[in-house]
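Engineer:
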Amino acid sequence: MTASDASSTPSEQNPYGAAPAGPKRVRTRHFQTAKQQGIPITGLTSYDMMTAQIFDQAGIDFLLVGDSAGNNVFGYESTLPVTVDELIPLTRAVALAVKRALVIADMPFGSYEGGKEEALHTAVRFMKESHSHAVKLEGGVRSRKQIKRIVSAGIPVMAHIGFTPQSEHGLGGHLIQGRGSGAEKLIEDALAVQDAGAFAVVLEMVPGSVAAEVTKRLEIPTIGVGAGPDVDGQLMVWTDFAGMSEGRVPRFVKQYANVRNVLKDAVHQFRDDVATGAYPAPEHNYE
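Add 107 to the 1-based position in the sequence shown for the working numbering, that's all there is to it.
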């Protein structure tokens, strides 16, 4: 979600040549403008102040404090155990660190399935206690009443359909959604969340052709997570794209760095320097 600034060169805007020249603060209305103008929207997950600052300064449009913190922060095997109380301080750290990006709080499993009033209560907690700018919840048709109630209270909602990690057991595992007859169900879910008032919808692990059709049919932006190129924006889990994660990498993930190995090498060097007496050196000592 950027636009060129004729008065300055890329190097003046940003040493990496990719500074945001769009809105000073990204709002939900900018998502709609981006879709209308064909400007790609970028999103990353973040769970702490330092990564939030880096991603914000690099011009990422929105930061999702995802329940993927279950895997990437808390050490759980899935997102299911994550609680609202665990996500609120993480979201607060991200929200207070950024100056431009829209910060979205992920509503964890069990915090909205009970009905629209439970969903509103959870969303209000995130807005008041974490300083987030919007919330995200999973489910299409089954979550439309919750989305509509939250939106009616003035809280922006990003929807999430396709593969929904909180429903992995019900879906039979990490399976691609929207294939064959499932395409119509995906379109039905997409239209339902749009009608309920969601300002954008995440499409996760769906065939690119189906995601393209959903994108054409919707007036609100589509954000892809393994949904091909023909969507309005892309979202990645930062530990995946930066090479921090260990184990199998999903097919749709492009690793832009190998931060895990960089840190590992640095730790080994520190350990060896301490063992040999190379650290601290004279320049690290106070007189």
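By construction, the Cβ of each residue, glycine as well, lies at the ideal position given by its N, Cα and C atoms.
Distance check for I146 and H267, CA to CA, integer angstroms please.
Structural biologist: Position 160 of the sequence shown, counted from the start, is the residue given in the question as residue 267. Position 39 of the sequence shown, counted from the start, is the residue given in the question as residue 146. Looking at the two C-alpha atoms, the distance is approximately 21 angstroms.
Engineer: So is L203 buried or exposed if we call it buried at 16+ other beta carbons inside 10 Å?
Structural biologist: By 1-based counting over the sequence shown, the position of residue 203 is 96. Answer is exposed; the Cβ neighbour count stays below 16.
Engineer: Does the separation of the CB atoms of P314 and R286 fall below 9 angstroms?
Structural biologist: Within the sequence shown, the letter at position 207 stands for residue 314. Within the sequence shown, the letter at position 179 stands for residue 286. Yes, Cβ-Cβ distance for P314 and R286 is below 9 angstroms.
Engineer: Cutting at 6 angstroms between CB atoms, please list the residues of its own chain near G272, excluding the five before and the five after it.
Structural biologist: Translated into positions along the sequence shown, residue 272 becomes position 165. Residue identity differs from the one stated: residue 272 is Pro in this sequence, not Gly. These residues qualify, in order along the chain: T186.
Engineer: Give the DSSP-derived three-state secondary structure of F377 in the structure shown.
Structural biologist: Along the sequence shown, one-based indexing puts residue 377 at 270. Helix.
Engineer: What three-state label does DSSP hand T329 in the structure shown?
Structural biologist: As a first step, residue 329 must be located in the sequence shown, where it is residue number 222. If DSSP states are grouped into helix, strand and coil, T329 belongs with the strands.
Engineer: Can you find the residues in the same chain that come closer than 6 angstroms, C-beta to C-beta, to S114, ignoring five residues on each side of it along the sequence?
Structural biologist: Here residue 114 refers to the residue found at position 7 when the sequence shown is read from its first residue. Legend: pLDDT at S114 = 38, less than 50; position of this residue unreliable, value from coordinates given subsequently. Answer for S114: no residue qualifies.
Engineer: Should Q376 be labelled buried (16 or more other beta-carbon atoms within 10 Å of its own) or exposed?
Structural biologist: If you number the sequence shown from 1, residue 376 lands on position 269. By the 10 Å Cβ count, Q376 comes out exposed.
Engineer: Between which two residues does the alpha helix (DSSP H) harbouring Q301 extend?
Structural biologist: Counted from its first residue, the sequence shown places residue 301 at position 194. Start and end: 289-303.
Engineer: Starting from the Cα of E291, find the closest Cα among T152, V321, R367 and give me that residue.
Structural biologist: As a first step, residue 291 must be located in the sequence shown, where it is residue number 184. Nearest C-alpha to E291: V321.
Engineer: Go ahead and label T116 buried or exposed: buried means 16 or more other beta carbons lie within 10 angstroms of its beta carbon, across all protein chains shown.
Structural biologist: Within the sequence shown, numbered from 1, the residue matching residue 116 stands at position 9. Unreliable positioning characterises T116 in this predicted model, as indicated by a pLDDT of 40, which lies under 50. The coordinate reading is nonetheless provided below. Classification of T116: exposed, given that the 10 Å Cβ count is below 16.
Engineer: Rounded to the nearest angstrom, what separates Y363 and E394 at their Cα positions?
Structural biologist: Taking the sequence shown and counting its residues from 1, one reaches residue 363 at position 256. Taking the sequence shown and counting its residues from 1, one reaches residue 394 at position 287. C-alpha separation (whole angstroms): 43 angstroms.
Engineer: Buried or exposed for R378, going by 16 or more other Cβ atoms inside 10 Å?
Structural biologist: For the purposes of this step, residue 378 is taken as residue 271 along the sequence shown, with counting starting at 1. So R378 counts as exposed.
Engineer: Going by DSSP in three states, L244 sits in which element: helix, strand or coil?
Structural biologist: Here residue 244 is taken as the residue at index 137 of the sequence shown, counted from 1. Strand.
Engineer: Hey, G340 and T149 are a contact pair by Cβ (cut 8 angstroms); roughly how many whole angstroms apart?
Structural biologist: As a position in the sequence shown, residue 340 is number 233, starting the count at 1. As a position in the sequence shown, residue 149 is number 42, starting the count at 1. At roughly 6 angstroms, the Cβ-Cβ gap stays under 8 angstroms, so G340 and T149 are in contact.
Engineer: Taking the CB atoms as reference points, tell me whether R358 and G333 lie closer together than 9 angstroms.
Structural biologist: In the sequence shown, residue 358 corresponds to position 251, counting from 1. In the sequence shown, residue 333 corresponds to position 226, counting from 1. Their beta carbons are under 9 angstroms apart, which means R358 touches G333 by this criterion.
Engineer: Looking only at C-alpha atoms, which of A307, T346, G246 sits nearest to G331?
Structural biologist: In the sequence shown, residue 331 corresponds to position 224, counting from 1. Taking G331 as reference, the option from A307, T346, G246 with the minimal CA-CA separation is A307.
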